[in-house]
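Numbering (my numbering), first residue to last: 45 to 205.
Ideal placement from N, C-alpha and C gives every residue a C-beta, glycine not left out.
Please read these numbers as outputs of a predicted model, since none were measured by experiment.
Following this line, the structure appears as structure tokens:
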């Protein structure tokens, strides 16, 4: 795996991104990246992010132009084979029907897997050889939509291989 990239986070912010990624020859449950997003100047340098696209403070990474663009950042380790990615999302704004956030896993051979929340369900796209296969209804549906606002609870998502 080359990169784990967060996808569109319109309406949502990340509080903690933890990748517990055992790789070839690495001990199981070794954490290779953890970021608490408490201070923009102290964000781990392995997180390839654009400070002009995000606001980082108080344990949150919020996209600034959520209504007009996709804000992304990259993090990864080349030698990974088995991994776990956990992250928390929170909706700060209240559209009645939609919520978007996701993670894109890009591999050295040019293929990718995108796990994406839209509305109340989780979808995933498998992209290979110029073709995309969409699979809907992965896992359990969320409440539609997740609660929103500054006092809304965080929702934890974990992706395993």
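Quick one: grab the DSSP three-state call for residue i.
i           : result
residue 86  : helix
residue 132 : strand
residue 101 : strand
residue 164 : coil
residue 68  : Because residue 68 carries a pLDDT of 40, less than 50, the predicted location of this residue cannot be relied on, and the following value inherits that uncertainty. Reduced to three states, the DSSP call for residue 68 is coil.
residue 107 : strand
residue 175 : strand
Using the beta-carbon count (16 or more within 10 Å), is residue i buried or exposed?
i           : result
residue 202 : exposed
residue 197 : exposed
residue 175 : exposed
residue 204 : exposed
Check each candidate in the options and name the one with the smallest Cα separation from residue i.
i           : options               : result
residue 96  : 84, 104 and 88        : 84
residue 162 : 168, 174, 144 and 149 : 144
residue 169 : 152, 148 and 154      : 148
residue 200 : 102, 135, 88 and 156  : 135
residue 159 : 126, 94, 81 and 179   : 179
residue 137 : 172, 109 and 80       : 109
residue 129 : 192, 193, 79 and 194  : 79
In the DSSP assignment, the beta strand (DSSP E) including residue i goes from what residue to what residue?
i           : result
residue 155 : No beta strand (DSSP E) contains residue 155, which DSSP labels as neither H nor E.
Tell me whether residue i counts as near the ligand GDP, meaning its Cβ is closer than 6 Å to at least one heavy atom of that ligand.
i           : result
residue 107 : Ligands are entirely absent from the displayed structure, and the ligand GDP is therefore not among its contents.
Counting only beta-carbon atoms, is residue i nearer than 7 Å to chain C?
i           : result
residue 200 : In the structure shown, chain C cannot be found, because there is only a single protein chain.
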